[in-house]
Every structure is written in structure tokens, then in C-alpha cells.
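According to this note's numbering, the sequence shown is numbered sequentially starting from 2. Just so you know, even glycine gets a beta-carbon here, dropped at the ideal spot from N, CA and C. Keep in mind it's a predicted model, so treat the numbers as computed, not measured. Read the structure below first, then the notes.
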Amino acid sequence: MIMTGRGRGCGRSPVSAHVCVWAALSALAFIAVSSIIETPSDPKHEHNHRRRLGLLTFSAGPSDPKTVETIESRVVIEEQIKHMQERQDYIQQQNADFRNQLSVLGQQVGYEAPASSWPQQAIVDGIAPTAPSQMPPQVHIDGDGVLASQAQEMLQQQGGDDYRYFQRMSDLDLSIDASARDESGVKAECSRILVYLPDVIAERGHGSQINTYIQGVLAATYMDRAMLLLEPPLDISKYEGGSQFGCPADAFEEVVTGQRHTISFDFPMGLSRLIDQPTWLTRGCSMPCASKSYYEWKQKSNSYSLSGREMDMPEWECTSVNGQQISVVITGGSRTRAWFRRHAEAMSRNASPGGADPQMQRWATNIGATPIEAEIFARQSMSTKIWDYALALMNRSGFLKLQPWVARDVEQFVKAMDLPMDGTYTAIHVRRGDKLAVEARGNIIRYYSQRGYTDESNLPTDYIPFVHYLEQWDNSDACRINARGGEQPIKHNVYIATDDPVTVRQEIANLPNHITPNTVIWNECHQLTFYFNPTDSQAFHLNGDGEKGFYPNHKDAAERENCFTRYQRNIVGIADMMVLSKATTFIGEYNSNWGRVIRTLRVRLNLPSIEAGGNEAKQNELTKVLDTRIAWGSNVVREPGK
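What follows is the structure, encoded as C-alpha cells:
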């Protein structure tokens, strides 16, 4: 059933008809096709060839890899082929029915989709795309099974650099990583390595995973170590498809058939499916101690706790294939956070008062500082300035870089909205969900007590109302005067990222002074036009305690989730994070991991001040944070990742 109307992001909302079609086609792809993921074959055993016919797999036996085949009876083969054909017919009929429904929807919103945007035939291989342009244009039958066309332009496309980073291109210096690539793999640079295990906290949300990763980056660069991610192999991963971030179409081998498809052997798993580590961070190093299994690495990680008197991650020595001795520390999850808690004070304290701290100078160089910038950094004495300087350097160096397939799909998703990201806009993050029960309760009580409500058990709402976020705009900005001498309100495009879209939409509907259903005049001087993420049913954040959201449809979606739907939800979440990070003005709070991540990604170097030498008179200007306004809760900036 296709949902229409303002509550679902279609109809008269600012979301274009293109987005409605995008979401509807995605829903078809993800609901119509179920997936069964095969473990990839080990390339070391090339004799273990596999041929596919329908849903049947033929395997060459080990005794004679050239001739011996395990073959099921012809009756079984015919049944499998019949089953596949019936399945194709069924999905083709679903596509036809769905196209008819989409035509009706298009007429309702005044949009006629071009023929190229409709799926031309069933998705035989079960690979569900995330946008209409990602539909495989053709499939054909080859002797070894059903092959995706070589001309799948979608799989060859990559997201533009604008969508691989959470900063605008003008805020980045990509030459830092280019220089690192030219110098990568130097023997001395790979003698000290930090191995990071993302899977330890893979069940948590985007914000928590990225915050802990940020601490890992800071720890590795402070210790003067290359940082490498170690992911569990597919056969022991706890996630279908090998990653908590789901499966893009790019993840699969080209030969796919029926309900079976195979994850490519070399396709990134885990967090690495989302993040493409820059070379300045990995130093181009290979994983040390190549003979060790993932289980062995994890056992080493579990062998210490940093509790009691333990202060540092234990070091292990191993010898590379070329005889180099390598010092390795391994961390992840709570151990990364524990190490950071124990060392944060020392990291943000100048050990050479009045002079330049050599370790801080080396640390700054490791995260992309020029010699002058490293010198200035090494002379800082205030912890808040040190942290922001480090974060600004990391942001300029592009430490958080998305994989090309993620960037491609985020770009398609964001561009389908009407929000003019190239211009000035405001982004509001309204986080409720799992934050209501404990962490935000005190703030809610204080908010209402200041407004005369004294009965804590009988408050008007169990959340901070949306109108309070809008109070960040006041009457201090004088209204513009038009040519006739009348007041001309300042126009604001306002993007709202929330895990409670239904309630927030209703709160907006209850606001006074509406011009349109999504535009209001606020405090006489501000004209606010609201934009929402079009996929309301996907609005709850990836993973985390509140993953099942407020409403039954959220819970049902989580229970029906598979590798493809998880990827779609990942794209929706990352798109939100990108829009929030790049906003001219951000309104939110630091009570959630998301709010703290967004603040981290918005720290910038103040280059004119740094070029002037960073003298004492200008220390306050060494860094800046893009306009960030705290709607409620503490405005105290915590240590990175905390």
C-alpha cells in the first residue's frame, strides 16, 4: 500500500515527487525480494569451482577437480528451474502492479516519471537497488547462470567528493592524503601499528560507533601509530552480508542466480563498508602478523581491561614477511574508551610549559598539520583549545571519508530532496526515542518547572517541545524593510532530522502564522520553510537502544530487516548526518551521540589567525565552530568522542 499525504512526506510537502517515487521503488525492491547470502569461496582454492543453474549449485569434488561433479537428479534440476521461473513471473507481476500504483501516485502529485525510471523487468538476482536509477538496465542468461549486464552504470558510478566527506570541499585539503599515498608503506612508518576492532560495538548506532572511532583515530595518531581496521570475516560475522551497515548492490559477485547471491571476497566488511580510511591514517601499512586469525586478535584484545592499575594497551611484537619487527597494540569498543579516559588529561596538557611539547608537535603532524601549525599546536596550554585544534586538523585532512558506493547513494538521496544544500540552510536535530527514559528526563522536568509545572508525574509532554528549538530565532534580528516600507521577514530553509517525525509534523501543524502547510512566520521576522527526510518509516537511527523507535511500524520494520533494508536505513541515517554537518546553522543538543558527532564535524581551523602566527592575543581565534546552537541541556563541550 502506498502512503500519501503530508504525514508520509508526499502530497503537498516540500519533498518532491521524485523522492516519493524513489521511496516507493525502494520499498518494492526490498519487500519483494528476500535474500540468502552465501559465504564467498576462498580464492586460495581455485580448484573448488562452482557453476550455477537456477537455484542448484554444482561443486567440483576435491579428488578430481577437473571432472568430478556432485550432480543432483534431473528431476531436482527441473523442479529448481520451474521454481525460479515461477518466482520470476511472480515478481514481474508485482512490478507491473506497482508501476500502476506509482502512476496513480504520480498523477496525484503532478508528476509523470520518465520511462527510464521504471524497472523494465524483474530483479531476478535478488539484488535490491536503493534508487530508481540503480535498477539493472538488463539481465541476460548465460551458460553459467543469470549474469548481471556488464553495462550496469549504477555499479560503475561513484559519489562525488562533496558526498564522501562531511565537510564542504572548500574546508578540505586533499593534498594531505595525496602526499601520504606517495609515501605510503615506508618500512619505518609501519613499525608501529594500532589495530582497531570495530565489531566490538557494531550493535550500537551510527553516533556511538563513529564517536568511538574518533577516539581510536586520536589515540593512534597521539601514540604515533598507523591505524588499521580489522573486521570479522563473513563466515563468523553476526550480520547478514557481513556488515552492520547492510549490503549495497556493489557487494555481490557478478554471477548471481535465483535466491542465491555471493558477497565478493574482497568487498569490505563491518565498519569498513561505511568508512574508507585515508592513507595518512593507515600509512599504507599491511595487517601485521598475517598468520593470526581474527579469533586470535580478538583474544588478545580481551586479554586486558585497563581497569585497576592498568594504564596502557599491552604491546605485542611480530615479524613481517620481510623480517621487520612490528609493535602492535589492539583495541576496540570499551577498551578504546577506557584508554581515552585514562589518557585524555595528559593528551590535552602541554608537558613543556612555555614552550613547544615535542609529542604534541608530532601528534599534530600525524593529523595533517604544517610545520607552522604543529608548532602553534604544541604551544597550546588549554585543553579545550587543544582538542578543537586537533579536531579541526582531522576534519581538514578528511579523516571521516565515506566509501564510494555510500557516497553515491547518499548523493542520490539528498539530491532528490528540494533542500538547497548549496545555499544557506539551517538543520535541526530533534532526538527523542531512547533518550527520553533516563538521560533527558531531568532536562524535561527543568524545562516545564520553569514554565510553572510542578507535578513531575503530570507534565504536558514527556519530551522538549519542538517550539523550544525555534526559540533559537528571536526578535534580535531586525526584519528587513521592503521597497514599500513594510517588514520583509528573513527566509530560512530548515531541515529537520528526527526519530519522531509524526509528532514533530503535528507540532508544526499546530504553529500559528502558516503561509503554507510547511512554511510559517516566526516571531514576525523569520519565515521558516521546513523540510523532512522523505522516508519516515526509516527515520529511527541505525542500531542503538532506540532502534525500534516509537511506533509499531518501526518495530515491524526492524523485525523484517535484512541486509538490503539495513543498507537503505544506513543511507538514510548518513544522509541526515551529512545534511546536519554541512548546515550553515545547526540547532540540537549534546545529550546524544549524534549531537556530539555533529559538533565534532563542524570544527574548523581559523586560517588567518594561524597564518598570523597564533600569538597570545589571537589564541581564541585559532579554531571556530560553524554556527551551532544548543536548544536544551548542557552546552559544555565534552572531550572528543565522549
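- Annotation: the continuous beta strand (DSSP E) that includes F531 extends over 527 to 533.
- For S328, the uninterrupted beta strand (DSSP E) segment begins and ends at 326 to 332.
- With contacts defined as CB atoms closer than 8 Å, G589 and H430 qualify as a contacting pair.
- Its Cα nearest to that of E318, the residue V330 stands out among V330, L230, L307.
- By a beta-carbon distance limit of 8 Å, V573 contacts T536. Their separation comes to about 5 Å.
- In chain order, V604, T624 place their CB closer than 7 Å to the CB of D389, counting only its own chain and leaving out the 5 sequence neighbours on each side.
- Within a 10 Å sphere around the beta-carbon of F167 sit 16 or more other beta-carbons, which makes this residue buried.
- Taken atom to atom, the span from the alpha-carbon of G634 to that of D267 is near 45 Å.
- Within its own chain, the residues whose Cβ lies closer than 6 Å to the Cβ of V580, once the five positions on either side in sequence are excluded, are A428, Y496, listed in chain order.
- Every beta strand (DSSP E) of 3 residues or more that sits fully in the region 157 to 206 is shown, in chain order, as 193 to 197.
- With the rule of 3 Cβ pairs closer than 8 Å, the region 234 to 243 does not count as touching the region 208 to 217.
- Taking S349 as the centre and dropping the five residues before and after it, the same chain places the C-beta of S384, I387, W388 closer than 7 Å to its C-beta, in chain order.
- In the DSSP assignment, G589 is bridged to I631.
- In this chain, R605 is not harboured by any alpha helix (DSSP H); it is covered by the beta strand (DSSP E) spanning 604 to 606.
- For the 8 Å CB-CB criterion, A391 and A375 do not form a contact.
- In this chain, V322 is not harboured by any beta strand (DSSP E), its DSSP state being neither H nor E.
- Using a Cβ distance threshold of 8 Å, G271 and A220 do not count as a contacting pair.
- Counting along the chain, the unbroken beta strand (DSSP E) around I491 starts and ends at 491 to 499.
- CA-CA distance, V411 to G208, rounds to 17 Å.
- For I429, the enclosing beta strand (DSSP E) stretches over residues 427 to 431.
- Residue pairing by DSSP places A227 opposite I194 in a beta bridge.
- The residues E376, A379, R380, in chain order, have a CB closer than 8 Å to that of A357 in the same chain once the five nearest residues on each side in sequence are set aside.
- When rounded, the separation of the alpha-carbon atoms in G333 and V598 is 18 Å.
- Residue state for T624 is assigned as strand, using DSSP reduced to three classes.
- In this model, A291 and C564 are separated by some 29 Å (Cα to Cα).
- For T517, the enclosing beta strand (DSSP E) starts and ends at 515 to 517.
- According to the DSSP assignment, I522 belongs to the beta strand (DSSP E) that extends over 520 to 523.
- Taking all protein chains shown into account, G453 has fewer than 16 neighbouring C-beta atoms within 10 Å of its C-beta and is therefore exposed.
- Excluding the 5 residues flanking it on each side, A252 has same chain C-beta neighbours closer than 6 Å at I264, F268, in chain order.
- About 23 Å separates the beta carbons of I465 and N494, which is beyond the 8 Å limit, so they are not a contact pair.
- For the pair L195 and M170, the CB atoms are not nearer than the 8 Å cut-off.
- By alpha-carbon distance to N367, the top candidate from S398, R338, S353, W340 is S398.
- Remark: C-beta atoms of G369 and L403 do not approach each other more closely than 8 Å.
- In this structure, the alpha-carbon of R343 lies about 23 Å from that of F400.
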